[in-house]
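Chains as they are written, first to last, in our numbering: chain Y, 84 to 445; chain P, 463 to 1079. Glycine included, each C-beta is placed from N, C-alpha and C at the ideal position. Read through the structure below, which is laid out as structure tokens, and then see the notes.
Here it is, written out as structure tokens:
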């Protein structure tokens, strides 16, 4: 149960001018499951490697519990009590599964019998019994990942860091490993920090999400916070599938929530077909398995909107329809991209779809 | 030859599976094959040609070991051509074994083992400095330290004698001698200088192979160990070293196999002190018409080569058991040298000085001085390059004006050029047949037979050619003394590289592109001319240039098979060495070195890959 406190963390790599991580502060609660979510190259892996001690920060500080590990001092990775599971698993190809898992125990001079017992425990925990004598190249991707997890968990780290743990797995395995990780978190109560570019992974696993872009923290909150109250245009656009409809203020009559509204974001699921409302034309119906995406173009102007619905809407391409928007699915941003006015909390707001007038708001 | 070996070796290991899969597919498609498809016919012709060029000479050597050679009747006491164990007995179990066989064997093993071990130690340290530390000038040094690999090994041998030649043999004294230091024999000739020179020549090879392995090494494997509580040293010992071992051992065995067959260095440096190796003994046996003994030497050299490379192949198979799993992999962090930065860069620079500047400098200096070591203005001259009326009767002009030089240069270009082009094209054809053949056995046979010269050191292969083609056999007239024997030997010697390159590019090509051409009605010849060859143009150019550079540098084949009418640059310069025309010999060697370096740079430019990458994958 170790909290991680990061303050003003900055990291430059010599070759680039832009910092990989810039003035980042984050308080990860003890025992939480925190995801660091962001597009590739946003600095999230660098952040993880700094927590692990594989990179040194240029400015700022990292503390594990009360212990400062980077900043005024630098604690080497092997002395941090942190576990890291690499994206490519980084299993040692010249060692068997047993030897891989027992490696850290061997370094701690745990005796052979205890080592064997601990490996057996790990193998059982991760359900990879019977593979102990194999080499990593003889394992499937899912098995390799379980071995990598077992190797890390064998040492009971205070903090467990996971680098894109599900991205190399196929769909069925992803679901299975997701459950496995959730179970491990419940059993161990370890503080887990997971890095991913996949919002599904972040949403489905974590208690908290930190969204990063260009080395900076964009928003830190629960999964629902991030989705329902995006702090800025980037977060709104990055989280959500199909992506949010971003429309310039004025092209669809959305009442401005305050001064300075520049753009509105409308969640696709907030759009509904109604008897009256803004006229639009259906251009395409796209089935996506469990749900449907409808492409609409507004009658006045060339704005295209995506609407998503759980069932097939009773309309056909080419048809003229009217749409309404659930105000809870509307987010407004100023010219700098920041959220304009936090709308009231969802619970206190009546869930009534309000038709938007077709007039241009001016 | 070494670069061929390394290249062909990697290709072989990575391609086996692919080719087998392809062959299986072919089997299924056999029914669909049109009778007009000449793949099978071409494959069979290739097979016959290579049986004749590769298998027959080697079998002939084997045969000669056990049969009484013409004129040896009074020794073997059997009729010419009858079975005899005389040669084997003489080499292994007679009063003469010690001198004839054991001493050359020990000499060969001494220089091969010593130079391999030394090159491995120094090369690994340099590779580590270049790849994993913050040593100054790494970019420049990693190019500079590779240069010795582009130069023929015997360039260094000539440079050594130019510097250290003492009063023991006639002709002009060495630089050191004329400046007051008369080197003792052990320093001037024989084992010590051979070991030093071969070490310098192999260091770049180790830097390339070990450096690449280090570069490709997934830094996360070390990071993972650190996270689990291993300090930097422990992580290096438990993770890095075991994972680097296969690459290092493989480099070791390839060097050793090459060193066993090395001819030119001991030939230049060993003569004055009767320092013989298996390769020079083989050459001398041929020179004194002892074909039976030559066959025994060739057989022993081949056996050592085959065993060594067999071990290498076996080890590679063992390694594949835990083949490195692909992953994103991050570059390993650089070690900060701190105080050691200066000593590190100084030692790297001194290797460069010893391996490039000193030898080339000494050779160049020697070509512009009348008498070595005298630095007065009157002693400097360009006469040995462009002068006339020189006091050297066999070459009375500077070499750039000597017709012999130009005819040797033309011969080199002609013979090596034609051989390289033929080998490159044949390699493509072999690649095509191996990948497309409807008859799997043909694929396997062709693949293996074209690979075989890789197991046989050049000098033994040349001896085998001499045995088979020196006299008329059946419809084939005696080829010795004609450019044909050189040409054929060069082609056969270059086939391992050429066929691997061909198989590799044909496998990558897949059969769809050709099927697509067939669908629009293109016949076989049209498909070859308009589809297959143009697509493989890049591979073909590389497959021609690489043997060309290696052929220019090579000595073993030429010294055995060339006669004055087919003089090439390397034999021409070695003859000048024999005449003790230091300046002229060194000038020719410098010209060869220039061609070899420029050719290598051209390959790098054309293929867009560095020499380092060309050695592998």
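Exercise. Count the other CB atoms, across all protein chains shown, that sit within 10 Å of the CB of residue 116 (chain Y); report buried if there are 16 or more and exposed otherwise.
Key: buried
Quiz prompt | Within chain P, partners of residue 191 (chain Y) - CB distance below 7 Å | solution = 691
Quiz item: Between the C-alpha atoms of residue 1029 (chain P) and residue 584 (chain P), what's the straight-line distance to the nearest angstrom?
Solution: 37 Å
Quiz item: Residues in its own chain within less than 7 Å of residue 832 (chain P) by CB, not counting five upstream and five downstream?
Solution: 841, 843
Quiz item: So residue 1054 (chain P) and residue 1032 (chain P) are in contact, right, with Cβ under 8 Å, and what is the actual spacing, rounded?
Solution: 6 Å
Exercise. Can you give me the start and stop residues for the beta strand (DSSP E) that residue 140 (chain Y) sits inside?
Key: That residue, residue 140 (chain Y), is in no beta strand (DSSP E); it is neither H nor E in DSSP.
Quiz item: How is residue 508 (chain P) classed by DSSP in three states: helix, strand or coil?
Solution: helix
Quiz item: Can you tell which of Y:413, Y:201, Y:220, Y:181 has its C-alpha closest to the C-alpha of residue 319 (chain Y)?
Solution: Y:413
Practice problem: Whole angstroms is fine: what's the gap from residue 185 (chain Y)'s alpha carbon to residue 237 (chain Y)'s? | Solution: 8 Å
Quiz item: How many angstroms separate the CA atom of residue 646 (chain P) from the CA atom of residue 630 (chain P)?
Solution: 9 Å
Exercise. Check whether the stretch 1012–1026 of chain P touches the stretch 970–978 of chain P, counting contact only when three or more Cβ pairs, one atom from each stretch, lie closer than 8 Å.
Key: no
Quiz prompt | Straight-line Cα distance separating residue 906 (chain P) from residue 501 (chain P) | solution = 15 Å
Quiz prompt | Own chain, CB closer than 7 Å to residue 1006 (chain P), minus 5 neighbours either side, in chain order | solution = 882, 883, 886
Quiz prompt | Inter-residue Cα distance where the pair is residue 648 (chain P) and residue 830 (chain P) | solution = 28 Å
Practice problem: Tell me, please, which residues DSSP counts as bridged to residue 294 (chain Y). | Solution: Y:120, Y:302
Practice problem: Could you tell me whether the Cβ atoms of residue 140 (chain Y) and residue 295 (chain Y) are closer together than 9 Å? | Solution: no
Quiz item: DSSP three-state call for residue 166 (chain Y): helix, strand or coil?
Solution: strand
Exercise. Quick one: which residues of the stretch 672–688 of chain P get their C-beta closer than 8 Å to a C-beta of chain Y? List them in chain order.
Key: 680, 682, 683, 685, 686, 687, 688
Practice problem: Give the range of the beta strand (DSSP E) segment to which residue 717 (chain P) is assigned. | Solution: First-last for residue 717 (chain P): 703–723, but that is the alpha helix (DSSP H), not the beta strand (DSSP E).
Self-check item: residue 957 (chain P) and residue 994 (chain P) closer than 9 Å at C-beta
Solution: no
Quiz item: Pairing CB atoms from the stretch 162–174 of chain Y with CB atoms from the stretch 684–700 of chain P, are three or more of them under 8 Å?
Solution: yes
Quiz item: Can you list, in chain order, the stretches of the beta strand (DSSP E) that have 3 or more residues and sit fully within the stretch 728–759 of chain P?
Solution: none
Self-check item: Residues sharing a beta bridge with residue 842 (chain P), DSSP
Solution: P:831
Quiz item: Residues of chain P with a CB under 9 Å from the CB of residue 234 (chain Y): which are they?
Solution: 686, 690
Quiz item: Does any residue of chain Y bring its CB to less than 9 Å from the CB of residue 705 (chain P)?
Solution: yes
Quiz item: Can you tell me whether residue 270 (chain Y) is buried or exposed, with buried defined as 16 or more other CB within 10 angstroms of its CB?
Solution: exposed
Self-check item: Contact belief for residue 854 (chain P) with residue 1046 (chain P) at Cβ below 8 Å, rounded distance in angstroms
Solution: 7 Å
Quiz item: If you measure beta-carbon to beta-carbon, which residues of the stretch 153–167 of chain Y are closer than 7 Å to chain P?
Solution: 160, 161, 165, 166, 167
Practice problem: Name, please, each residue of chain Y whose Cβ falls closer than 8 Å to the Cβ of residue 895 (chain P). | Solution: Simply none; closest approach about 32 Å.
Quiz prompt | Cutoff 7 Å; reference residue 158 (chain Y); Cβ partners in own chain excluding five residues on either side | solution = 136, 152
Quiz item: Under the rule that 16 or more other beta-carbon atoms within 10 Å means buried, what is residue 385 (chain Y), buried or exposed?
Solution: exposed
Practice problem: With a 10 Å radius around its C-beta and 16 neighbouring C-beta atoms as the bar for buried, classify residue 750 (chain P) as buried or exposed. | Solution: exposed
Practice problem: Kindly identify the DSSP beta-bridge partner or partners of residue 110 (chain Y). | Solution: Y:88
Self-check item: Straight-line gap, residue 419 (chain Y) to residue 87 (chain Y) (C-alpha atoms, nearest Å)
Solution: 31 Å
Exercise. Measuring alpha carbon to alpha carbon, tell me which of Y:92, Y:382, Y:407 ends up nearest residue 366 (chain Y).
Key: Y:382
Quiz item: Quick one: Cα of residue 581 (chain P) to Cα of residue 717 (chain P), how far?
Solution: 9 Å
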